[in-house]
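Chemist: So the number in this note's numbering is just where the residue sits in the first sequence, counting from 1, plus 1493. Don't be surprised by glycine CBs; every beta carbon is placed ideally from N, CA and C. Take a look at this one; I'll ask things after.
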Amino acid sequence: MERIVLVRRGDVVEAHGASAVHRLPAERLPGFVREREPAGVRWVWDDTTRWYPALLAEGVRVARCTDLRLAHAVLRRSPFVDQRLLAAASTPGWDSLQPVTETEAALFPLEDPADRLDPPTELERQQAAVAASPERRRLELLLAAESSGGLVAAEMTHAGLPWRVDVHERLLTGLLGPRPPAGHRPAILERLAGEVRAALAAPALNPDSPADVLRALQAAGLPVEDTRSWTLAQLEHPVVPPLLEYKKLARLLTANGWSWLDSWVREGRFRSWFLPGGVVTGRWASTGGGALSVPVQVRPAAVADEGWRFVVADVAQLEPRVLAAMSGDLAMAEAARAADLYQGMVSAGTVATRAEAKLGILGAMYGGTRGESGRMMPRLARRYPQAIALVEEAARAGERGEVVRTLLGRGSPVPGGAWAERPADLGDPPEPTGSRQEQDRRRRAWGRFTRNFVVQGTAAEWALCWLADLRNRLWALGEGRLEDRPHLVFFLHDEVLVHTPEHLAEQVAEEVRRAAAEAGRLLFGGFPVDFPLDVAVVRSWAEAG
DNA sequence: CTGACTTGCGCC
DNA sequence: AAAGGGCGCAAGTCAG
């Protein structure tokens, strides 16, 4: 497989191949890539977000790339890497390189810091670091998956998630009333605000101000310290129903109301940016429109095009299954043989009820030590010794300030300022009796983070492999441009949406399952753990699950 | 006025 | 019923 490193030099692009360097004007790049792509090329560039959108806009899709920014971030933290091999004058530049999104580019046409970096030499350092690693194979898989994630993310932004403004607006009008002029509350919110003020005898109350609401609740004699919905729901008072209703609808208005539509939906597509590796654990982040927390409430507006369908797939209980596999815990893997892992634990006699199983497993992965989930731990530790030992060891390592890693070698951050130095920095006077307790509290909190890191991060690796393999399978199902074939339009930790012509939907569903099985093999070889999917072929996202 | 922080809540 | 881990976002609040 030929490797071609692309380098921007002003308006000229240099393409460094194995035997030659081509220089071409930037606008000829799409043609250049299109021509060479069929022969099989791994394109190497500083950062997918700086190159790929322009190629996609010209209808050019690439099969493989190396994203040096993403790879650099992984290698710099990996305990599998000898950091000396990565060191260079430009290391801080690569460390601080940020992905670009269209809005930023348009608003801040500043000189790009990427232009001061040299991709060919960075590639050499990265290759040397991987080659010298005792865990070369794992790192290679992680880097390939991460780069592929960069391609998927750019393609999802390019295609956008089909979104029906008319459906969304009907939904808003039904719940809130007609769209009000700027600066005014929708009629239904205004009515609820009036009911809240009346119930609290507070005519000037601003229900959007938590502090204001808290004062009014306390003045009415209610014993509350915050205004969270759950807190309010515990109270017996006439203000509770209208206030809860107000908060729910106000949330819809501010998070996914008319201005959200104005900002994020264009030409029938919700377009946000997905940022692979945006979370320290390796999960994706997003920017623009809160793409990773699209409420169930508005999902009816995500509707496939005429003659098209969504294939919606999610993995049941991804993280516990990953924990079973990465720890090699055969007893837990046996419970995971059931489509419902928690039910499998009940069948095996480990716990009495599904609710207990869920509580115990979540507690083990998140570090819940109190209440029922804490009481469950001894039983889980007896039954699933390897799985529980893995998370316990990760927690202890974190408490000692050590780095932990995922299966493929993504390293956790060092605790840094998070626990010891911070109180002084904040001017928080260390109380003689409290400071030790505070330190212990911080240590335990970091232990909960590292405990979760190993599982969440390895689950993110599984999901990346799933996505990468699925991307290739989808491409093979169709012809023409990306958006004419079945293509990914959404990804959320353990769930994907594929937009596909209706006649290919069943094939897509099958490929989604095959890709999941392949991801399991890639990460865990022959270890007997299943990753069962819920797959639905639907017109609207709301019909799934 | 801007920017940083807090609060609360949506998603996994 | 959450809790316990990870996020993004909007509005209010407050310091400079």
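Three-state secondary structure (DSSP) at residue 1679?
Modeler: DSSP places residue 1679 in coil when its eight states are reduced to three.
Chemist: Would the beta-carbon of residue 1978 fall within 8 Å of that of residue 1970?
Modeler: yes
Chemist: How is the beta strand (DSSP E) around residue 1534 delimited, first residue to last?
Modeler: 1534–1538
Chemist: Is there contact between the stretch 1797–1814 and the stretch 1990–1999, where contact requires at least three CB pairs shorter than 8 Å?
Modeler: Because the criterion of three Cβ pairs below 8 Å is met, the stretch 1797–1814 and the stretch 1990–1999 touch.
Chemist: Return the residue from the list 1821, 1627, 1932, 1608 that minimises the CA-CA distance to residue 1877.
Modeler: 1821
Chemist: What does a CB cutoff of less than 6 Å around residue 1602 pick up in its chain, not counting 5 residues either side in sequence?
Modeler: Caution is warranted here: a pLDDT of 47 is assigned to residue 1602, below 50, making its placement in the model unreliable, and the coordinate value is therefore given only provisionally. Contacts found: none.
Chemist: Just checking, does the stretch 1893–1905 make contact with the stretch 1842–1862 on the three C-beta pairs under 8 Å criterion?
Modeler: no
Chemist: Taking 8 Å as the limit between beta carbons, can you name the residues of its chain near residue 1942, skipping five residues before and five after?
Modeler: Within its own chain, the residues whose Cβ lies closer than 8 Å to the Cβ of residue 1942, once the five positions on either side in sequence are excluded, are 1891, 1905, listed in chain order.
Chemist: Residues in its own chain within less than 6 Å of residue 1831 by CB, not counting five upstream and five downstream?
Modeler: Within the same chain, 1837 come within 6 Å of residue 1831 by CB-CB distance, once the 5 residues on both sides are set aside.
Chemist: Got a sec? Which residues, its chain only, sit under 6 Å from residue 1571 by beta carbon, not counting five neighbours each side?
Modeler: 1902, 1904
Chemist: Looking at the ligand NAP, does it come within less than 7 Å of residue 1539, judged from the CB to the closest heavy atom?
Modeler: Absence of the ligand NAP from the depicted structure is noted, as is the absence of any ligand whatsoever, leaving it without description.
Chemist: In three-state terms, what does DSSP make of residue 2039?
Modeler: The structure shown does not extend to residue 2039, since the chain is modelled only from 1494 to 2038, so the question has no answer here.
Chemist: By how many angstroms is the C-alpha of residue 1938 removed from the C-alpha of residue 1868?
Modeler: 19 Å
Chemist: Answer with buried or exposed for residue 1980, where buried requires no fewer than 16 other C-beta atoms within 10 angstroms of its C-beta.
Modeler: buried
Chemist: Of the residues 1747, 1998, 1760, which one's Cα is nearest the Cα of residue 1788?
Modeler: Looking at the Cα atoms, 1747 is the closest of the given residues.
Chemist: Roughly how many angstroms lie between the CA atoms of residue 2040 and residue 1986, to the nearest whole one?
Modeler: Nothing can be reported for residue 2040, as the shown portion of the chain is limited to 1494 through 2038.
Chemist: How would you write the range of the alpha helix (DSSP H) that residue 2024 sits in, first residue to last?
Modeler: Counted as a single uninterrupted DSSP element, the stretch harbouring residue 2024 is not any alpha helix (DSSP H), since DSSP gives it neither H nor E.
Chemist: Taking 6 Å as the limit between beta carbons, can you name the residues of its chain near residue 1695, skipping five residues before and five after?
Modeler: 1709
Chemist: To the nearest angstrom, how far is it from the Cα of residue 1860 to the Cα of residue 1615?
Modeler: 39 Å
Chemist: Determine the burial state of residue 1712: buried for a count of at least 16 other Cβ atoms within 10 Å of its Cβ, exposed for fewer.
Modeler: exposed
Chemist: Under 7 Å Cβ to Cβ from residue 1824, same chain only, skipping five residues before and after it: list those, please.
Modeler: 1876, 1877
Chemist: Sort out for me which residues DSSP pairs residue 1942 with in a bridge.
Modeler: Paired residues: none, contrary to the question.
Chemist: With a threshold of 8 Å, are at least 3 pairs of Cβ atoms found where one atom belongs to the stretch 1879–1887 and the other to the stretch 1940–1957?
Modeler: yes
Chemist: How about residue 2034 and residue 1792: do their beta carbons lie closer than 8 Å?
Modeler: yes
Chemist: So, under 8 Å CB-CB, residue 2009 and residue 1772 are touching, yes? Tell me the CB distance rounded to an integer number of Å.
Modeler: That belief does not hold up - the Cβ atoms of residue 2009 and residue 1772 are roughly 22 Å apart, past 8 Å.
Chemist: What separation, rounded to the nearest whole angstrom, lies between the Cα atoms of residue 1811 and residue 1835?
Modeler: 12 Å
Chemist: For residue 1551 versus residue 1518, is the C-beta spacing smaller than 8 Å?
Modeler: No, these two residues do not count as a Cβ contact at 8 Å.
Chemist: Helix, strand or coil, according to DSSP, for residue 1656 in the structure here?
Modeler: coil
Chemist: Could you give the first and the last residue of the continuous alpha helix (DSSP H) run that contains residue 1703?
Modeler: 1703–1712
Chemist: Can you tell me the Cα-Cα spacing of residue 1591 and residue 1554, whole angstroms?
Modeler: 23 Å
Chemist: In angstroms with no decimal places, state the Cα-to-Cα distance between residue 2022 and residue 1958.
Modeler: The straight-line gap separating the alpha-carbon atoms of residue 2022 and residue 1958 is approximately 16 Å.
Chemist: Along the chain, which unbroken stretches of the alpha helix (DSSP H) at least 4 residues long are found entirely within the stretch 1802–1879?
Modeler: 1811–1820, 1823–1828, 1834–1840, 1847–1859, 1864–1876
Chemist: Please say whether residue 1626 and residue 1574 have beta carbons closer to each other than 8 Å?
Modeler: Cβ distance < 8 Å, so residue 1574 and residue 1626 count as in contact.
Chemist: What span of residues does the beta strand (DSSP E) with residue 1517 cover, start to end?
Modeler: Start and end: 1514–1518.
Chemist: In chain order, which continuous runs of the alpha helix (DSSP H) of length 4 or greater are located wholly inside the stretch 1559–1594?
Modeler: 1561–1570, 1584–1589
Chemist: From residue 1681 to residue 1670, what distance separates their C-alpha atoms?
Modeler: 6 Å
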